[in-house]
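*Asks:*
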Amino acid sequence: MNYHISDLLDALEQSGQSIQPKGGSTARVKALTLSRLGTTQAVPVHATRGRFRPLRGIAAAVAAVFLLGGTVFAAWKLGVFHFEDEFGAAGKLLDSHAQSYETSSSGETISADYGYAAWVKAQLGDYNLVLLELSAGNGQLHATLDVSPRDETLPAFRDSGLTLAFADYETSSSLRELSGWRDRVELSATLDEALSPDAEIAFSLTGSDQSPAQTSFRLNALEENFERLSAENRQHYATAAQTRDYRFSLRSLVASPNVIYAIVDVEALTDWGAAHLDTIPEFAVSNRTHQDSGALMDARLIGSEDGVRRYIVGFLGNQPVNEAGDTISFEILELFEAGDAAGHPYYLFDVVLEDLIPGGIELASPTGAPTGSINWQSIRIDEIGMTVTGFDHSNYEPTYPSVVLIFRDGTRESVMDEDWHLGDPRSTHDAVASEFTGHHDGSAQLSLVFGQMLDPGELAAIEVDGQQFLIP
Numbered sequence: 009m010n011y012h013i014s015d016l017l018d019a020l021e022q023s024g025q026s027i028q029p030k031g032g033s034t035a036r037v038k039a040l041t042l043s044r045l046g047t048t049q050a051v052p053v054h055a056t057r058g059r060f061r062p063l064r065g066i067a068a069a070v071a072a073v074f075l076l077g078g079t080v081f082a083a084w085k086l087g088v089f090h091f092e093d094e095f096g097a098a099g100k101l102l103d104s105h106a107q108s109y110e111t112s113s114s115g116e117t118i119s120a121d122y123g124y125a126a127w128v129k130a131q132l133g134d135y136n137l138v139l140l141e142l143s144a145g146n147g148q149l150h151a152t153l154d155v156s157p158r159d160e161t162l163p164a165f166r167d168s169g170l171t172l173a174f175a176d177y178e179t180s181s182s183l184r185e186l187s188g189w190r191d192r193v194e195l196s197a198t199l200d201e202a203l204s205p206d207a208e209i210a211f212s213l214t215g216s217d218q219s220p221a222q223t224s225f226r227l228n229a230l231e232e233n234f235e236r237l238s239a240e241n242r243q244h245y246a247t248a249a250q251t252r253d254y255r256f257s258l259r260s261l262v263a264s265p266n267v268i269y270a271i272v273d274v275e276a277l278t279d280w281g282a283a284h285l286d287t288i289p290e291f292a293v294s295n296r297t298h299q300d301s302g303a304l305m306d307a308r309l310i311g312s313e314d315g316v317r318r319y320i321v322g323f324l325g326n327q328p329v330n331e332a333g334d335t336i337s338f339e340i341l342e343l344f345e346a347g348d349a350a351g352h353p354y355y356l357f358d359v360v361l362e363d364l365i366p367g368g369i370e371l372a373s374p375t376g377a378p379t380g381s382i383n384w385q386s387i388r389i390d391e392i393g394m395t396v397t398g399f400d401h402s403n404y405e406p407t408y409p410s411v412v413l414i415f416r417d418g419t420r421e422s423v424m425d426e427d428w429h430l431g432d433p434r435s436t437h438d439a440v441a442s443e444f445t446g447h448h449d450g451s452a453q454l455s456l457v458f459g460q461m462l463d464p465g466e467l468a469a470i471e472v473d474g475q476q477f478l479i480p
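First residue of the sequence shown? That's 9 in my numbering, and the numbers climb one at a time after it.
#1: May I have the straight-line CA-CA distance separating E421 from G99, to the nearest angstrom?
#2: By Cβ distance below 7 angstroms, which residues in the same chain neighbour A377 in space, the five residues on each side in sequence not counted?
#3: Just how far apart, CA to CA, sit F256 and A303?
#4: Going along the chain, which unbroken runs of the beta strand (DSSP E) with 3 or more residues stay wholly within the region 404-457?
#5: Bridge partners of T161, per DSSP?
#6: Counting only runs that start and end within the region 195-239, where is the beta strand (DSSP E) found for 3 or more residues in a row?
#7: According to DSSP, what are the bridge partners of V472?
#8: Under a three-way DSSP split, which group does Y361 fall into?
#9: Do you know how far the Cα of I414 is from the Cα of I479?
#10: Three or more C-beta pairs closer than 8 angstroms, one from the region 214-229 and one from the region 320-336: is that the case here?
#11: Taking contact to mean at least 3 C-beta pairs separated by less than 8 angstroms, is the region 286-301 in contact with the region 362-374?
#12: From E466 to Q131, what does the alpha carbon distance come to, in whole angstroms?
#13: Is L341 closer than 8 angstroms to P328 when the C-beta atoms are compared?
#14: Whole angstroms are fine: how far does the CA of E471 sit from the CA of Q460?
#15: For E141, write down the residues that DSSP places opposite it in a beta bridge.
#16: Please work out which residues of its chain come closer than 7 angstroms, Cβ to Cβ, to L102, disregarding the five sequence neighbours upstream and downstream, and give them in chain order.
#17: Once DSSP output is grouped into helix, strand and coil, what is the label at R252?
#18: Please classify N146 as buried or exposed, where buried requires at least 16 neighbouring CB atoms within 10 angstroms.
#19: Taking the alpha-carbon positions, what's the A175 to T223 distance?
#20: Take E331 as the anchor and find which of G351, P265, Y355 has the nearest alpha-carbon.
#21: Going by Cα to Cα distance, which pick from S442, A144, F357, A292 is closest to V396?
#22: Does the distance from the C-beta atom of Y245 to that of V359 stay below 8 angstroms?
#23: So, is E339 buried or exposed, given that buried needs 16 or more other C-beta atoms within 10 angstroms?
#24: Could you give the DSSP three-state label for W280: helix, strand or coil?
#25: Taking the continuous alpha helix (DSSP H) assigned at E94, which residues delimit it?
#26: Would you mind giving the Cβ-Cβ distance between D438 and E345, rounded to the nearest angstrom? I have them listed as a contact below 8 angstroms.
#27: State the Cα-Cα distance for the pair A229 and Y109, rounded to the nearest angstrom.
#28: Drop a sphere of 10 angstroms on the beta-carbon of P205, count the other beta-carbons inside from all chains shown, and report buried for 16 or more, exposed for fewer.
#29: Less than 8 angstroms between the beta carbons of Y408 and W384, yes or no?
#30: Which residues in the same chain as G398 place their Cβ atom closer than 7 angstroms to its Cβ, once the five residues preceding and following it in sequence are excluded?
#31: Compute the Euclidean distance between the alpha carbons of L5 and S119, then round it to the nearest angstrom.
#32: With 16 other CB atoms within 10 Å as the buried threshold, where does E391 fall?
#33: So is E275 buried or exposed if we call it buried at 16+ other beta carbons inside 10 Å?
Here it is as structure tokens:
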């Protein structure tokens, strides 16, 4: 979903802020939220949630950008983007360490790599297959596939009257509708004998008026080709990539040890792309050096011109992972293009992280007893966000912790509590994204991004579930 200037109304008034732009007209700006957070390898102790939107302290700056003379658009036309345009004066820190990329001088535009997953994708008649699982053991053959039509004019698989099955085995199947035209099909069969790891498993599509069609996958395709997706085999260093209907260009990148912010332009290359440009793409930004998925801060529209949309996207590591020299990967998780009813993932490009925002404070040895199930032990905080680690001694699922910033002037500001994900922002630095994970050994981590950057030197303490970490 995409947000235009006409959508960005009402929040300033609702949050007690107002602005009088040039020309005498009153304008109000509302920043809307998207989130999709994920974890890998860790066992989540609570469903991960995130919000990525400017808060009260940022709203006036955003309003000024969009409504007071078009600063960001003028910069855009000059091929420049400053984080200060988006985050206000606090964005100077980001600007001072941001890597900037000019499309005209960034080298050749490469083709986005849809083929990186070709070994688990196939066309079967008029339908696309994506293999998610293929296994043989204990006398059973099992497969899970996503099926979608190759053309928007075709019916979804569930309505097609077609049957998907193992070509060489009597098959039982079940179907689950996912979204739009995409259906998930589970196939099972009984094996008379063990199969070799490189056995070819054929799939058939029959029925309706379509001619019978077959395709096959090797049994060990998933396991064997997983290594092909490792960092050393998937590095496409560039700053611009294009699909059939769109071009994606990286304009700016900045990072702290936990957080990455990036500015990406999406440009329509065809009439179809222009007509569908306002469908927000699902970006994925990750640190490929450390193979750490962390949490994705979903794309937020920050600029719009004819044929181009500009987004800010982000990555939140579930622990300090970013280092200078790391490979940062940009992908699209789902992109809809002409003539295809199913969205596809694309691997765009990689860049090298040249610099980090320096500083940050490490805190340990909190005072006070925990009010929750986790005994929090250490914190790392910088201008963008913080990570707190601890150990869960309980046998029940913990809730989101309460996080309070205590400033040297005595002000207390809550940035997160167990109801954090349910309401609207209630403070200037209220968390806009977080990842809360636990591990098998009982350790737990909470990482969050502040809605507005802060100076840790202004803090006297940080309180997490009643435990205070004092700042000298």
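All C-beta atoms in this analysis are idealised placements derived from N, C-alpha and C, irrespective of residue type, glycine included.
*Replies:* For this structure:
#1: By 1-based counting over the sequence shown, the position of residue 421 is 413. By 1-based counting over the sequence shown, the position of residue 99 is 91. Distance between the alpha carbons of E421 and G99: 21 angstroms.
#2: Stepping through the sequence shown from its first residue, residue 377 is reached at position 369. Cβ neighbours of A377 beyond the five flanking positions: G474.
#3: If you number the sequence shown from 1, residue 256 lands on position 248. If you number the sequence shown from 1, residue 303 lands on position 295. Computed Cα separation, rounded: 21 angstroms.
#4: 411-415, 420-424, 439-446
#5: Taking the sequence shown and counting its residues from 1, the one referred to as residue 161 is at position 153. According to DSSP, which records beta bridges pairwise, T161 is partnered with nothing at all.
#6: 208-214, 221-226
#7: For the purposes of this step, residue 472 is taken as the residue at position 464 of the sequence shown. V472 pairs with V411, Q475.
#8: Looking up residue 361 in the sequence shown gives position 353. With the sequence shown as reference, residue 361 is identified as Leu, and Tyr is not the correct amino acid for it. Of the three classes helix, strand and coil, the one that applies to L361 here is coil, per DSSP.
#9: Here residue 479 refers to the residue found at position 471 when the sequence shown is read from its first residue. Here residue 414 refers to the residue found at position 406 when the sequence shown is read from its first residue. Each residue's Cα considered, the two are about 10 angstroms apart.
#10: no
#11: no
#12: As a working note, residue 466 is residue 458 in the sequence shown. As a working note, residue 131 is residue 123 in the sequence shown. Roughly 59 angstroms separates the two Cα atoms.
#13: Within the sequence shown, residue 328 is the residue found at index 320, counting from 1. Within the sequence shown, residue 341 is the residue found at index 333, counting from 1. In this structure, L341 does not lie closer than 8 angstroms to P328 by Cβ.
#14: Along the sequence shown, one-based indexing puts residue 460 at 452. Along the sequence shown, one-based indexing puts residue 471 at 463. Spanning the two alpha carbons is a distance of roughly 18 angstroms.
#15: Along the sequence shown, read from residue 1 onward, the residue named residue 141 stands at position 133. The partner list for E141 (beta bridge, DSSP) reads T152.
#16: Your numbering for residue 102 matches position 94 in the sequence shown. The answer, listed in chain order, is F91, F95, V262, Y269.
#17: By 1-based counting over the sequence shown, the position of residue 252 is 244. Coil, per DSSP.
#18: Your numbering for residue 146 matches position 138 in the sequence shown. Label assigned to N146: exposed.
#19: Along the sequence shown, read from residue 1 onward, the residue named residue 175 stands at position 167. Along the sequence shown, read from residue 1 onward, the residue named residue 223 stands at position 215. If I take the Cα positions, the gap works out to 9 angstroms.
#20: Locating residue 331 in the sequence shown gives position 323, where the first residue counts as 1. Of G351, P265, Y355, the residue nearest in Cα terms is P265.
#21: Taking the first residue of the sequence shown as position 1, residue 396 is located at position 388. Looking at the Cα atoms, S442 is the closest of the given residues.
#22: As a working note, residue 245 is residue 237 in the sequence shown. As a working note, residue 359 is residue 351 in the sequence shown. For Y245 and V359, yes; Cβs fall inside 8 angstroms.
#23: As a first step, residue 339 must be located in the sequence shown, where it is residue number 331. The residue is buried, with at least 16 neighbouring Cβ atoms inside 10 Å.
#24: Here the question's residue 280 lines up with position 272 in the sequence shown. Looking at W280 - three-state DSSP - the assignment turns out to be helix.
#25: As a working mapping, residue 94 is identified with position 86 in the sequence shown. That run of the alpha helix (DSSP H) goes 91-95.
#26: Your numbering for residue 438 matches position 430 in the sequence shown. Your numbering for residue 345 matches position 337 in the sequence shown. Not really, about 37 angstroms apart at Cβ, beyond 8 angstroms.
#27: Within the sequence shown, numbered from 1, the residue matching residue 229 stands at position 221. Within the sequence shown, numbered from 1, the residue matching residue 109 stands at position 101. Approximately 38 angstroms between the Cα atoms of the pair.
#28: As a working note, residue 205 is residue 197 in the sequence shown. Exposed.
#29: The residue you call residue 408 lines up with position 400 of the sequence shown. The residue you call residue 384 lines up with position 376 of the sequence shown. It is not a contact, given that the beta carbons lie outside the stated cut-off.
#30: To locate residue 398, count along the sequence shown from 1; it is residue 390. Closer than 7 angstroms at Cβ, skipping near neighbours: I382, N383, W384, Q385, A452.
#31: Coverage of the chain is limited to positions 9 through 480, which leaves residue 5 absent and any answer about it impossible.
#32: Against the sequence shown, residue 391 aligns to sequence position 383. Buried is the call here.
#33: As a working note, residue 275 is residue 267 in the sequence shown. Label assigned to E275: buried.
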